[in-house]
Amino acid sequence: MNTLEQIQQLNSDGQKVDVEYILDEDHYDLLMDLAEAETDDEEEEIFKQMEGVPNLPIMASVIELWENTVGAVMIYKEFSEGTGITMSEKSELEEELCGELSNDFSRFTVIINNQVVRVQVKG
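My numbering puts the first residue of the sequence shown at 272, with every later residue one more than the last.
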């Protein structure tokens, strides 16, 4: 089983999870806004809005780990096949593949210290 198939299996409905975090969709949107913030002032404003959200640092880290793993696997595959890609193509392909594999950016499942850890985004 290749890595993308493993990621799909981990993210499937039938996967038993050891730890699951529920992330409100509004808080997920704040994380995405933070990633796109261009100034320190914008970041500070978003950090203020995030105060008091339980478990947000670990949820953000799980999402980042999941997205980086998917991106690295996709890029590795492209280069292994001799198909180089540009940074702009990388971003497009990552967003498309991450959307498909995460149930439209709603589920992120990884293995940490032999435990299956999931972040489920709920609206």
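Note that the Cβ used here is the ideal one computed from N, Cα and C, for glycine as well. Owing to the predicted nature of the structure, the values given are computational and were not obtained by experimental measurement.
- Message: Assuming the contact rule is C-beta atoms closer than 8 Å, valine 288 and arginine 378 should be a hit. Round their C-beta distance to whole Å, please.
- Response: Along the sequence shown, one-based indexing puts residue 288 at 17. Along the sequence shown, one-based indexing puts residue 378 at 107. 10 Å between Cβ atoms; not a contact.
- Message: Please return the same chain residues whose Cβ sits closer than 7 Å to the Cβ of leucine 301, not counting the five positions on each side in sequence.
- Response: Against the sequence shown, residue 301 aligns to sequence position 30. The answer, listed in chain order, is Ile317, Gln320, Met321.
- Going by CA-CA distance only, name the one from Glu366, Pro328, Ser351 that's closest to isoleucine 358. As a working mapping, residue 358 is identified with position 87 in the sequence shown. Checking the displayed sequence, the identity of residue 358 turns out to be methionine instead of isoleucine. When only C-alpha atoms are compared, the closest one is Glu366.
- Check each candidate in Leu294, Gln277, Phe376 and name the one with the smallest Cα separation from leucine 327. As a working mapping, residue 327 is identified with position 56 in the sequence shown. Ranking Leu294, Gln277, Phe376 by Cα distance to leucine 327 puts Leu294 first.
- Task: Use the C-beta contact count for threonine 380: other C-beta atoms within 10 angstroms, 16 or more gives buried, fewer gives exposed.
- Result: Within the sequence shown, residue 380 is the residue found at index 109, counting from 1. Under this definition threonine 380 is a buried residue.
- Is it buried or exposed for glutamate 363, if we count other Cβ within 10 angstroms and need 16 for buried? Residue 363 sits at position 92 when you count from the first residue of the sequence shown. By the neighbour-count rule (16 or more Cβ atoms within 10 Å), glutamate 363 is not buried but exposed.
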